[in-house]
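Read through the structure below, which is laid out as structure tokens, and then see the notes.
There are 2 protein chains.
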Amino acid sequence: MRTTPKGQVKRDALVRATITLVNNNGFHATPMAQIAKLAGVSAGTIYRYFESKQDLINQVYMEVKGAFSASAFRDYVATSSVEGDFKQIWHNIAAFKLREVEEALFLSQCDNTPMIDEASRQEGLKHLRPLLDLWERGQAQGIIRPVSPYALYAFTIYPIAFLLNMQQRDHYEITPSRVAEVYHMAWNSIKA
Amino acid sequence: MRTTPKGQVKRDALVRATITLVNNNGFHATPMAQIAKLAGVSAGTIYRYFESKQDLINQVYMEVKGAFSASAFRDYVATSSVEGDFKQIWHNIAAFKLREVEEALFLSQCDNTPMIDEASRQEGLKHLRPLLDLWERGQAQGIIRPVSPYALYAFTIYPIAFLLNMQQRDHYEITPSRVAEVYHMAWNSIKA
DNA sequence: CAAAACTGAATGAACGTTCATTTTGTTACA
DNA sequence: TGTAACAAAATGAACGTTCATTCAGTTTTG
Numbered sequence: 001m002r003t004t005p006k007g008q009v010k011r012d013a014l015v016r017a018t019i020t021l022v023n024n025n026g027f028h029a030t031p032m033a034q035i036a037k038l039a040g041v042s043a044g045t046i047y048r049y050f051e052s053k054q055d056l057i058n059q060v061y062m063e064v065k066g067a068f069s070a071s072a073f074r075d076y077v078a079t080s081s082v083e084g085d086f087k088q089i090w091h092n093i094a095a096f097k098l099r100e101v102e103e104a105l106f107l108s109q110c111d112n113t114p115m116i117d118e119a120s121r122q123e124g125l126k127h128l129r130p131l132l133d134l135w136e137r138g139q140a141q142g143i144i145r146p147v148s149p150y151a152l153y154a155f156t157i158y159p160i161a162f163l164l165n166m167q168q169r170d171h172y173e174i175t176p177s178r179v180a181e182v183y184h185m186a187w188n189s190i191k192a
Numbered sequence: 193m194r195t196t197p198k199g200q201v202k203r204d205a206l207v208r209a210t211i212t213l214v215n216n217n218g219f220h221a222t223p224m225a226q227i228a229k230l231a232g233v234s235a236g237t238i239y240r241y242f243e244s245k246q247d248l249i250n251q252v253y254m255e256v257k258g259a260f261s262a263s264a265f266r267d268y269v270a271t272s273s274v275e276g277d278f279k280q281i282w283h284n285i286a287a288f289k290l291r292e293v294e295e296a297l298f299l300s301q302c303d304n305t306p307m308i309d310e311a312s313r314q315e316g317l318k319h320l321r322p323l324l325d326l327w328e329r330g331q332a333q334g335i336i337r338p339v340s341p342y343a344l345y346a347f348t349i350y351p352i353a354f355l356l357n358m359q360q361r362d363h364y365e366i367t368p369s370r371v372a373e374v375y376h377m378a379w380n381s382i383k384a
């Protein structure tokens with residue numbers, strides 16, 4: 001039995017290496033040679049899987065964003081409780097960021113720098129549809145503040161990225177009880 | 193009468209050019225030659241004012257951070273009202289970010305990437321002391337949630353940066369009435 | 001054994017930084 | 001005030017390095 005399609009093992013190693021190195025040094029400060037080395041692969045091999053460095057980053061971004069969204073909406077089926085639904089999705093997102101720290105830090109860097117094409121960025125945004133729908137529903141019911149989804153995102157999801165960054169720099173530790181506390185802060189900021 | 197100390201005019205031009213170009217392309221993707229060109233200065237001249245590219249970024253960061261803090265606490269004197277004090281500081285910060293968009297975007301990029309030394313970062317953090325003190329006071333009075341200052345920052349100041357970024361990408365427009373709304377979201381998230 | 005995958009040295013472009021030279025500004029002196 | 005001597009600031013071509021990418025040759029796979 002083969003669990004990993006053979007042709008993907010080097011590609012996966014390259015994706016992993018890219019995430020790690022970009023987190024530590026930034027995109028333009030990490031040479032292709034270093035990515036290849038950490039992946040245990042020759043420099044030229046990268047170009048068998050990716051057209052260029054930019055293509056590599058874009059693909060990694062899309063994949064990580066996909067994994068993130070899949071986690072965010074895992075097992076999600078809309079119920080009659082907007083707050084319950086939101087709580088579930090929010091905790092899914094928080095859990096992903098705590099579990100897949102490297103992936104989450106990578107996304108945070110992508111979303112805050114000019115390293116990703118605007119096109120790929122737009123594409124990645126589409127995955128958030130279910131959350132936007134939920135928010136609209138909550139607003140229609142007068143449960144959630146009637147403000148732009150960007151404002152809702154800024155006060156519920158974005159702060160998690162900040163806290164994760166601080167944890168990474170040893171200024172903050174994210175414990176389970178703190179997660180609950182942070183959730184309440186998020187909900188209080190957007191509830192009507 | 194000379195209003196601008198002659199020796200600083202080229203340095204200022206270089207600082208401005210750095211901010212603009214780093215915002216648009218990122219640190220490692222903007223060559224010194226380009227910075228020089230936009231500043232209307234020869235490439236070699238940069239090294240009369242800055243030791244290296246890294247030194248340039250660090251100095252620009254510290255200066256912008258200083259201007260930011262000065263704005264944040266302009267005319268601030270602690271009163272007996274924690275909420276009033278917070279409101280003033282928060283609006284000072286929001287006003288700075290709306291007025292000095294380029295500077296604010298630059299800071300946001302610095303704070304979210306490995307482009308600044310951890311030392312400079314720590315140094316810049318010190319300027320926030322008055323806000324941290326205010327928060328402690330509010331917590332002692334039971335007015336503000338007893339959580340880490342990083343959590344308070346994540347839900348009050350950090351979201352502004354996100355909204356500014358979205359405005360820059362034409363996904364959101366920050367109007368005066370929205371500022372008031374966003375303030376309430378911030379306060380609701382941290383009030384006890 | 002043919003095709004596909006992989007290698008790593010080679011390539012050329014781009015970069016940060018330096019420095020010999022020129023330009024601009026200041027001082028000294030008649 | 002005009003000018004010669006000096007100093008400081010600025011220039012931009014040149015240097016050495018680093019980088020993304022290519023490709024001729026080698027190994028692996030089926």
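Protein sequences, first through last, are from chains A and B.
Numbering-wise, the first sequence is residues 1 to 192 according to this note's numbering.
Numbering-wise, the second sequence is residues 193 to 384 according to this note's numbering.
Every residue gets a Cβ at the ideal spot worked out from N, C-alpha and C, and that includes glycine.
Check: Just grab the DSSP bridge partners of A/I144 for me.; Outcome: A/K191
Check: Establish whether the CB of B/A311 and some CB of chain A are separated by less than 8 Å.; Outcome: no
Check: Spell out whether any CB of chain B is found under 8 Å from the CB atom of A/E181.; Outcome: yes
Check: Using the three-state DSSP reduction, which class does A/N23 fall into: helix, strand or coil?; Outcome: helix
Check: Any C-beta of chain A within less than 7 Å: which residues of the stretch 198-218 of chain B qualify?; Outcome: N216, N217 and G218
Check: Measure the beta-carbon distance from B/P322 to B/Y364 and round it to whole angstroms, keeping in mind my assumption that it falls under 8 Å.; Outcome: Not quite, the Cβ-Cβ distance comes to about 29 Å (not below 8 Å), so this is no contact.
Check: Would you decide whether B/V374 is buried or exposed? Buried here means 16 or more other CB atoms lie within 10 Å of its CB.; Outcome: buried
Check: Would you decide whether B/A353 is buried or exposed? Buried here means 16 or more other CB atoms lie within 10 Å of its CB.; Outcome: buried
Check: When DSSP labels each residue in this structure, what does B/V293 get in the three-state scheme?; Outcome: helix
Check: Would you kindly check if the distance between the Cβ of A/A29 and the Cβ of B/H220 is under 8 Å?; Outcome: yes
Check: So that I know if they touch, is there some Cβ in chain B lying closer than 8 Å to that of A/F86?; Outcome: no
Check: Spatial neighbours of B/S261 within its chain, please: C-beta separation below 6 Å, excluding the five flanking residues on both sides.; Outcome: H319
Check: Can you tell me where the alpha helix (DSSP H) holding A/S52 begins and where it ends?; Outcome: Here A/S52 belongs to no alpha helix (DSSP H), and DSSP marks it neither H nor E.
Check: Mind pulling the chain A residues with CB within less than 8 Å of B/Q301?; Outcome: N112 and T113
Check: Mind checking B/N357: buried by the 16 CB within 10 Å criterion, or exposed?; Outcome: buried
Check: So, is the C-beta of A/H91 closer than 8 Å to a C-beta in chain B?; Outcome: no
Check: So, is B/R337 buried or exposed, given that buried needs 16 or more other C-beta atoms within 10 angstroms?; Outcome: buried
Check: A/F155 lies in the alpha helix (DSSP H); which residues open and close that run?; Outcome: P149 to T156
Check: Kindly list the residues whose CB is nearer than 8 Å to the CB of B/K245, restricted to its own chain and excluding five residues on each side of it in sequence; keep chain order.; Outcome: M224
Check: Spell out whether any CB of chain B is found under 8 Å from the CB atom of A/M166.; Outcome: yes
Check: Does the beta-carbon of B/L317 have 16 or more other beta-carbons within 10 angstroms, so that it is buried, or is it exposed?; Outcome: exposed
Check: Do B/V274 and B/L206 have their CB atoms nearer than 8 Å?; Outcome: no
Check: Using the beta-carbon of each residue, which ones in chain B are nearer than 8 Å to A/F162?; Outcome: Y342, Y345, A346 and Y350
Check: Using a C-beta cutoff of 8 Å, does B/I238 count as contacting chain A?; Outcome: no
Check: Counting only C-beta atoms, is A/H127 closer than 8 Å to chain B at any point?; Outcome: no
Check: Is there a C-beta anywhere in chain B that falls below 8 Å from the one on A/A39?; Outcome: no
Check: Between B/V256 and chain A, is the shortest Cβ-Cβ distance under 8 Å, so that the two count as touching?; Outcome: no
Check: Would you call the stretch 56-74 of chain A and the stretch 109-121 of chain A in contact, with 3 or more CB pairs under 8 Å?; Outcome: yes
Check: Of all Cβ atoms in chain B, is any one closer than 8 Å to the Cβ of A/S71?; Outcome: no
Check: Pairs of beta-carbons, one from the stretch 141-157 of chain A and one from the stretch 183-192 of chain A, closer than 8 Å: are there three or more?; Outcome: yes
Check: I want to verify the contact list: residues of chain A whose CB lies under 8 Å from the CB of B/S385, in sequence order.; Outcome: Absent from the structure is residue 385 of chain B, since the part of chain B shown begins at 193 and ends at 384.
Check: Of all the CB atoms in chain B, is at least one closer than 8 Å to the CB of A/R74?; Outcome: no
Check: Can you grab the Cα-Cα spacing for the pair B/Q301 / B/G218, in whole Å?; Outcome: 8 Å
Check: Taking 8 Å as the threshold (beta carbon to beta carbon), is B/S176 in contact with chain A?; Outcome: The requested residue 176 of chain B does not occur in the structure, where chain B is confined to residues 193 to 384.
Check: Please state whether DSSP places B/D309 in a helix, a strand or coil.; Outcome: coil
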